[in-house]
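Asks: Take this structure, written in structure tokens, and hold onto it; I'll ask about it next.
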Amino acid sequence: MPQFHVWCPDDEEREDGQLFEACDSEDAAQKWGDWYDVYAAGDYPIASETQTPTVCVQEVGSDEVYKYIVSAFISTTYTTRLVDK
Numbered sequence: 001m002p003q004f005h006v007w008c009p010d011d012e013e014r015e016d017g018q019l020f021e022a023c024d025s026e027d028a029a030q031k032w033g034d035w036y037d038v039y040a041a042g043d044y045p046i047a048s049e050t051q052t053p054t055v056c057v058q059e060v061g062s063d064e065v066y067k068y069i070v071s072a073f074i075s076t077t078y079t080t081r082l083v084d085k
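By UniProt numbering, the letter at position 8 of the sequence shown is numbered 8, and the numbering carries on one by one without gaps.
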């Protein structure tokens, strides 16, 4: 699977970015969004719609750089488990 460098140009250079394995540049940008919400920021600023960062994505070995706006939404999942018959 190809590897992509992903960084936020507002406060990072390419060298500061993260490396992701992804199907394409859009998939890499989405993986960055998930990583940022969970690990970097920790309080889900993208999913809670307090931030919509623009990221740069570059496939390893390529000169082309693509820019994406990253957004998300929170999806509620309900589960059940039987406690008594």
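No residue lacks a Cβ here, since even glycine has one placed at the ideal position from N, Cα and C.
Quick one: what does DSSP say Q30 is sitting in, helix, strand or coil?
Replies: Residue numbering aside, residue 30 sits at position 30 when the sequence shown is read from its first letter. Q30 falls in the helix class under three-state DSSP.
Asks: Rounded to the nearest angstrom, what separates S48 and R81 at their Cα positions?
Replies: As a working note, residue 48 is residue 48 in the sequence shown. As a working note, residue 81 is residue 81 in the sequence shown. Looking at the two C-alpha atoms, the distance is approximately 29 Å.
Asks: Quick one: complete alpha helix (DSSP H) runs, 4+ long, within the stretch 32 to 61?
Replies: Complete alpha helix (DSSP H) runs here, min 4: none at all.
Asks: Can you tell me which of the three DSSP states E12 falls into?
Replies: In the sequence shown, the residue the question calls residue 12 occupies position 12. Coil, per DSSP.
Asks: Determine the burial state of Y39: buried for a count of at least 16 other Cβ atoms within 10 Å of its Cβ, exposed for fewer.
Replies: Indexing the sequence shown from 1 puts residue 39 at position 39. Its Cβ having fewer than 16 others within 10 Å, Y39 is exposed.
Asks: For I69, which of C23, P53, D43 and E59 has the nearest alpha-carbon?
Replies: Against the sequence shown, residue 69 aligns to sequence position 69. I69 has its Cα closest to that of P53, out of C23, P53, D43 and E59.
Asks: Go to I69, then tell me how far its beta strand (DSSP E) extends in each direction, as first and last residue.
Replies: The residue you call residue 69 lines up with position 69 of the sequence shown. That run of the beta strand (DSSP E) goes Y66 to I69.
Asks: What does DSSP give as the partner residue(s) for L19 in the beta ladder?
Replies: Taking the sequence shown and counting its residues from 1, one reaches residue 19 at position 19. Partner(s): H5.
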